[in-house]
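Trainee: Sequence lines, in order, name chains A and B. Its first residue numbered 1, the first sequence is counted upward by one per residue in the working numbering. Its first residue numbered 1001, the second sequence is counted upward by one per residue in the working numbering. We treat Cβ as the ideally placed atom computed from N, Cα and C, and that holds for glycine. The structure presented is a predicted model; accordingly, all values stated were derived computationally and were not measured. Have a look at the structure that comes next, please.
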Amino acid sequence: MVLKTIALVLYSAALIVALAFGYGWSFGAMLFTINPGALNGLQAGVQRYLSPVLWDSLFVPVLLLPAWVIPVVIGTVFVLISALRPGKG
Amino acid sequence: MPIRIPRGWEIPHSRVTPEHLLLGRRAGLGLGAGLLAAPAAALAQGAPTGGLPPAMRNTRYAPGREITDEREVTTFNNFYEFGSHKSISRAAQRMPQRPWSVRIEGMVETPREFGIEDLLRFMPLEERVYRLRCVEAWSMVVPWTGFEFSALLNAVRPLASARYVVFETAAIPGVMPGLRQSWYPWPYIEGCTIAEAANELSFMVVGAYGKVLPPQNGGPIRFHQPWKYGFKAGKSIVRITLTDRRPVSFWERVQPQEYGFWANVNPEVPHPRWSQATERVLGSNARVPTQIFNGYGEFVAALYNDLQGERLWA
Chain A
1 MVLKTIALVL YSAALIVALA FGYGWSFGAM LFTINPGALN GLQAGVQRYL SPVLWDSLFV
61 PVLLLPAWVI PVVIGTVFVL ISALRPGKG
Chain B
1001 MPIRIPRGWE IPHSRVTPEH LLLGRRAGLG LGAGLLAAPA AALAQGAPTG GLPPAMRNTR
1061 YAPGREITDE REVTTFNNFY EFGSHKSISR AAQRMPQRPW SVRIEGMVET PREFGIEDLL
1121 RFMPLEERVY RLRCVEAWSM VVPWTGFEFS ALLNAVRPLA SARYVVFETA AIPGVMPGLR
1181 QSWYPWPYIE GCTIAEAANE LSFMVVGAYG KVLPPQNGGP IRFHQPWKYG FKAGKSIVRI
1241 TLTDRRPVSF WERVQPQEYG FWANVNPEVP HPRWSQATER VLGSNARVPT QIFNGYGEFV
1301 AALYNDLQGE RLWA
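As structure tokens, this is what we get:
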């Protein structure tokens, strides 16, 4: 029940984000709006101390996804976990 | 009796290069030895210039340190359009350098667009060895070839109402991977006051180490004010706008608490996340004390005498 509740909250958040900021508003743009320094710091950390390729090939594509997609994906993961655990959730 | 303290670059009249030699320096290149021996100047020479006309070194701005190895300067680069790491030199080679033009517009009597070849041919090129102090607490010493920014101002004649100069870097999505990050406020914008831009140290750079400026260093044309942190110097410039409104620069939009409009070098004002008291000299790994205005205070300190309530050091 808890997992499904969390999923419902995430789906609701996705809907609110999509309605408030548009379906095309990217996850990166959302993070940048919330805290530009943190996103900038994350980029610097990944590119300088891990790998520039990792940033370009993994982080950027995720950050370019529409912002509403991220809570939907996470919410769906919770729903699937809940479904795979009979008697719980 | 007034006491006059000479500036560090001033030399006795007896050592000044004769006017006829200075004005005829291009023709004089072919004459060779006599001009090469002029005490106040040395010719940039050696490796092929890649199309950069020869330029005399202006020794008024002696850096007081050894010139940084060219390989260090051309392989350790900040150019955010290509990434926030330093190894962008290879990726930057994809940026086309020709044709290239710079448009100067806004509050000027005569807006103009200059092709890079015309700037190379007609501007009064000289070589200046400047220190460059990055806000990240490292530094280097580079022999830049270029011309005083005031030469461009003279060409377009600013209106009296113009107070600021805005520099816009090229934004070429096909070759600059950083532009995919659409949340950043591209294009890269930087700016300064028109008084700062007209200062004798403000330099439009078209070459380094006697060669055309490589793309990773901001080629084919960039700006440089050696008393400010390096991020203030726009690279690969395509547009210069004179305006009466103070611009909000790229980094000022991204992290205003860390990067401001003025960004003058000051060892006593730390960055929010690190000290600015010393700097690592690129290539040597030695740490040396940072100087206020990066050591160029005698040329620029007066620009800020009447400014109150401004964050001059961030």
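#1: Label Leu19(A) either buried or exposed according to how many other C-beta atoms from any shown protein chain fall within 10 Å of its C-beta, with 16 as the threshold for buried.
#2: Who are the near neighbours of Val1129(B) in its chain, counting only those whose CB is closer than 8 Å to its CB and skipping five residues on each side?
#3: Enumerate in chain order the residues of its own chain whose CB-to-CB distance from Ala1198(B) is below 8 Å, with the five nearest sequence positions on each side excluded.
#4: Could you give the C-beta distance for Phe27(A) and Ile70(A), rounded to a whole number, given that I count them as a contact under 8 Å?
#5: Less than 8 Å between the CB atoms is what I'm expecting for Ala1162(B) and Ile1194(B), so what's the real figure, rounded?
#6: Name the chain A residues that come within less than 7 Å of Pro1177(B), Cβ to Cβ?
#7: Between Val1175(B), Arg1222(B), Gly1207(B) and Asn1217(B), which lies nearest to Ile1189(B) when the distance is taken from Cα to Cα?
#8: Less than 8 Å separating the beta-carbons of Gly1049(B) and Val1205(B)?
#9: Are the segment 1234–1252 of chain B and the segment 1282–1299 of chain B in contact at 8 Å, needing three or more beta carbon pairs?
#10: Given a cut-off of 8 Å, decide if Glu1196(B) and Gln1225(B) are closer than it, judged by their beta-carbon atoms.
#11: Using 8 Å as the limit for Cβ to Cβ distance, is Trp1183(B) near chain A?
#12: Spatial neighbours of Leu1303(B) within its chain, please: C-beta separation below 7 Å, excluding the five flanking residues on both sides.
#13: Cβ of Ala13(A) less than 8 Å from any chain B Cβ?
#14: Among Ala1055(B), Gly1051(B), Leu1052(B) and Ser1084(B), whose alpha-carbon lies nearest the alpha-carbon of Asn40(A)?
#15: Can you pull the chain B residues whose beta carbon is under 7 Å from the beta carbon of Val60(A), in chain order?
#16: Apply the 10 Å Cβ neighbour rule to Gln1093(B) and answer buried if 16 or more other Cβ atoms are within range, or exposed otherwise.
#17: Report the rounded CA-to-CA distance for Gly37(A) versus Val1254(B), giving the unit in angstroms.
#18: Relative to chain A, which residues along the segment 1245–1261 of chain B have a C-beta separation below 7 Å, given in chain order?
#19: Measure the C-alpha to C-alpha separation of Leu1023(B) and Leu1125(B) and round it to an integer number of angstroms.
#20: Any beta-carbon of chain B closer than 8 Å to the one on Asn35(A)?
#21: For the segment 1072–1099 of chain B, which residues have a beta carbon sitting closer than 8 Å to at least one beta carbon of chain A?
#22: Could you say if the segment 1260–1277 of chain B and the segment 43–58 of chain A meet the contact criterion of at least three C-beta pairs nearer than 8 Å?
#23: Would you say Leu19(A) reaches chain B, if we count a Cβ-Cβ gap shorter than 8 Å as a contact?
#24: Identify every run of the beta strand (DSSP E) within the segment 1150–1205 of chain B, keeping only runs that are complete inside it and at least 3 residues long; order them along the chain.
#25: Determine the contact status of Pro1177(B) and Phe1082(B), defining contact as a CB-CB distance below 8 Å.
#26: Could you tell me which residues DSSP pairs with Tyr1130(B) in its beta bridges?
#27: Starting from Arg48(A), find everything on chain B with Cβ-Cβ shorter than 8 Å and list it in chain order.
#28: How would you label Leu1307(B), buried or exposed, when you count the other beta carbons within 10 angstroms and need 16 or more for buried?
#29: For the alpha helix (DSSP H) holding Pro36(A), just list the boundary residues, first then last.
#30: Quick check on the DSSP output: the alpha helix (DSSP H) that includes Ile6(A) runs from which residue to which?
#31: To the nearest angstrom, report how far apart Ser1181(B) and Val60(A) are at their CA atoms.
#32: Do you know offhand how far Arg1280(B)'s Cα is from Tyr1209(B)'s?
#33: By Cβ distance below 7 Å, which residues in the same chain neighbour Gly22(A) in space, the five residues on each side in sequence not counted?
#34: Exposed or buried, what is Ala1041(B) when buried is set at 16 or more other beta-carbons lying within 10 Å of its beta-carbon?
#35: Which of helix, strand or coil does DSSP assign to Leu1035(B)?
#36: What did DSSP end up calling Arg48(A) once you bin it into helix, strand or coil?
Mentor: According to the structure shown:
#1: Label assigned to Leu19(A): exposed.
#2: So the list reads Arg1057, Tyr1061, Ala1062, Pro1063, Ile1067, Val1141, Val1142, Pro1143 and Trp1144, once near-sequence residues are dropped.
#3: Phe1149, Ser1150 and Leu1153
#4: 5 Å
#5: With a Cβ gap of about 6 Å, Ala1162(B) and Ile1194(B) count as contacting.
#6: Asp56
#7: Arg1222(B)
#8: The question names Gly, but residue 1049(B) in the sequence shown is Thr. Contact flag unset, no.
#9: no
#10: yes
#11: Taking CB atoms only, Trp1183(B) has a neighbour in chain A less than 8 Å away.
#12: Ala1195, Glu1196 and Asn1199
#13: no
#14: Ser1084(B)
#15: Arg1180 and Gln1181
#16: exposed
#17: 7 Å
#18: The residues in question are Val1254 and Gln1255.
#19: Because the pLDDT at Leu1023(B) is just 44, under 50, the model does not fix this residue reliably, and the value given afterwards should be weighed accordingly. Computed Cα separation, rounded: 12 Å.
#20: no
#21: Gly1083, Ser1084, His1085, Lys1086 and Ser1087
#22: no
#23: no
#24: 1164–1169 and 1189–1193
#25: yes
#26: Val1142(B)
#27: Ser1084, His1085 and Lys1086
#28: exposed
#29: Pro36 to Gly45
#30: Val2 to Phe21
#31: The residue asked about is misnamed: residue 1181(B) is Gln in this sequence, not Ser. Roughly 7 Å separates the two Cα atoms.
#32: 21 Å
#33: none
#34: Residue confidence for Ala1041(B) is low, a pLDDT of 38 falling below 50, so the modelled location carries little weight and cannot support an answer.
#35: Unreliable placement is indicated for Leu1035(B), whose pLDDT of 30 sits below 50; no coordinate value is reported for it.
#36: helix
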